[in-house]
Amino acid sequence: VLSEFAGAAHDMPGAIIVNPYDIEAIKRAMVDVFRMSPMERHERMSTMRDAVEANDVHHWARRFVERLRAAPVARPFRFPGRAGGKVAS
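Residue numbers (this note's numbering): 1004 to 1092.
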């Protein structure tokens, strides 16, 4: 059972995602977990462990840097006006 507000919530296949402020949803999720077969619980945990191992901090950092490099370069803002669009320094 994992909060929908957890940063990795949508990267955790097999997790039962809940709103932590919804007590009834948490209760239903906990009941679902207790009713799951041991095999299903094992498979879900195994899938989540694999996701954690594949998406460790190094993977996250590499993806973050790749996205930074792919981002458009910021250009200085030129305010059209009396200064002819030049930025005062």
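In this text, a Cβ means the ideal position worked out from N, Cα and C, and glycines have one as well.
What you are looking at is a predicted structure, and each value in this text was computed from that prediction instead of being measured.
Would you kindly work out how many angstroms separate the C-alpha atoms of residue i and residue j, rounded to a whole number?
i       : j       : result
Val1021 : Glu1056 : 23 Å
Val1060 : His1013 : 16 Å
Ala1011 : Arg1047 : 15 Å
Val1076 : Asn1058 : 28 Å
Val1034 : Arg1066 : 37 Å
Lys1030 : Asp1053 : 27 Å
With distances taken Cα to Cα, identify the nearest neighbour of residue i among the options.
i       : options                               : result
Asp1025 : Val1068, Val1036 and Leu1005          : Leu1005
Ser1049 : Met1015, Phe1067 and Val1068          : Met1015
Met1051 : Leu1071, Pro1041, Gly1017 and Arg1038 : Gly1017
Pro1023 : Glu1007, Met1033 and Glu1069          : Glu1007
Arg1044 : Ile1019, Arg1066 and His1062          : Ile1019
Just checking residue i against the ligand NAD - is the residue's beta carbon closer than 6 Å to any of the ligand's heavy atoms?
i       : result
Pro1083 : Here there are no bound small molecules, and the ligand NAD is not part of this structure.
Could you pull the DSSP bridge partners for residue i from this structure?
i       : result
Ile1020 : Leu1005
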